[in-house]
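Undergrad:
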Amino acid sequence: MNIPQSKQNQSFSTRRPVLTVVIIELLLLLAVFAAGAVATVKQLDYTSPVLMSFTPIALVLIIYLTLRRKWREIGFRSLRTIPASHAKYYIPLLLVLGTLALKGFTDLTLSKVAFFMFFTLLVAFVEETIYRGLIFKTLLRKSAVAAVVTSSVLFSITHIMNALSGQSMADTILQLIYALLLGAALALLMLKNGNIVPLILFHFIHNLIQFLGNDRQDTGTLAYDIFILVVLVAYCVWLTFSVRTKLSSSESTTQGSSVVR
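Our numbering puts the first residue of the sequence shown at 337, with every later residue one more than the last.
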């Protein structure tokens, strides 16, 4: 079977976007599960599986994006590229962070804060680069809906690993829903502004507050979690309408230009 020359020159991810996403997700899950198995056998700290799997993944991502010069394509751009009028779309993220902070914090030490700053920055960089970067951009070639929905669902599924670390099923289900909604909101922001930097910063601060904060079981702050879920649902609806309006305007402009020509 002869393959057109134009397709031969295309990258594998362009020719096979769905297969590319499947491979990326399977490799990530394999790395995390393998690290989790090692940590269980050696009875290591609960952060060990992430450190053992995400550290080499982060190095591979940095090397890949640098050698292929894909940093900007993935969304690593100056914050100044975001229109000032779009700043309002990030306000709900600040509301989420503020609500999480209201739960309070455990006793903090300099070493503990320093460790979790590194740990959460590592997680934020890897997860955002993979889900709102590589996977999102790859599926965007098919459609915006496929990019947003698939990247969000895969992001949520990845958090099922928490069930293997001793977390209760109820808490795991709640976290899966939370991750799905949060992933959808971040993907919609990526679709709207194409800048991954504020998403990494939010993810970093969000996780840092969670790791340094009080556990829900100890403080009875389920009401805070429910409030955040309600905020995220409303947030996703708002962003969806905003993005649809933007896409409709773009299509109208394109059609108008075609008529003029």
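Positions of the beta carbon are idealized from the N, C-alpha and C atoms, including for glycine. Note that the structure is predicted; figures quoted are calculated from it, not measured.
1) Using DSSP with H/G/I as helix, E/B as strand and the rest coil, what is Phe412?
2) Rounded to whole angstroms, what is the Cα-Cα separation between Gly469 and Gly372?
3) Which full runs of the alpha helix (DSSP H) of 4+ residues lie inside the region 415-483, going along the chain?
4) To the nearest angstrom, how far is the alpha carbon of Gly592 from that of Thr581?
5) Rounded to a whole number of angstroms, what is the C-alpha to C-alpha distance between Tyr382 and Leu476?
6) Once you ignore the five residues that flank Leu415 on each side, which residues in its own chain have a CB closer than 8 Å to its CB?
7) With distances taken Cα to Cα, identify the nearest neighbour of Leu446 among Tyr426, Phe454, Ile410.
8) Grab the span of the alpha helix (DSSP H) containing Asp507 for me, first residue to last.
9) Under the DSSP definition of a beta bridge, which residues are partnered with Gly549?
10) With a CB to CB cut of under 8 Å and the five nearest residues on each side skipped, what residues in its chain are close to Glu464?
11) Which of the three DSSP states, helix, strand or coil, is assigned to Tyr560?
12) Give a yes or no on whether the C-beta atoms belonging to Val567 and Pro353 are separated by under 9 Å.
13) Hey, would you say Leu518 sits closer than 9 Å to Phe461, going by beta carbons?
14) Cutting at 7 Å between CB atoms, please list the residues of its own chain near Phe563, excluding the five before and the five after it.
15) Exposed or buried, what is Gly440 when buried is set at 16 or more other beta-carbons lying within 10 Å of its beta-carbon?
16) Enumerate in chain order the residues of its own chain whose CB-to-CB distance from Leu355 is below 6 Å, with the five nearest sequence positions on each side excluded.
TA: According to the structure shown:
1) coil
2) 25 Å
3) 427-437, 446-463, 472-475
4) Per-residue confidence for Gly592 stands at a pLDDT of 45, beneath the threshold of 50, marking its modelled position as unreliable; the derived number appears in the next sentence. Rounded to whole angstroms, Gly592 to Thr581 spans 16 Å at the Cα level.
5) 35 Å
6) Asn531, Val533, Pro534
7) Phe454
8) 505-529
9) Phe441
10) Leu522, Ile532, Leu535, Ile536, His539
11) helix
12) no
13) no
14) Thr435
15) exposed
16) none
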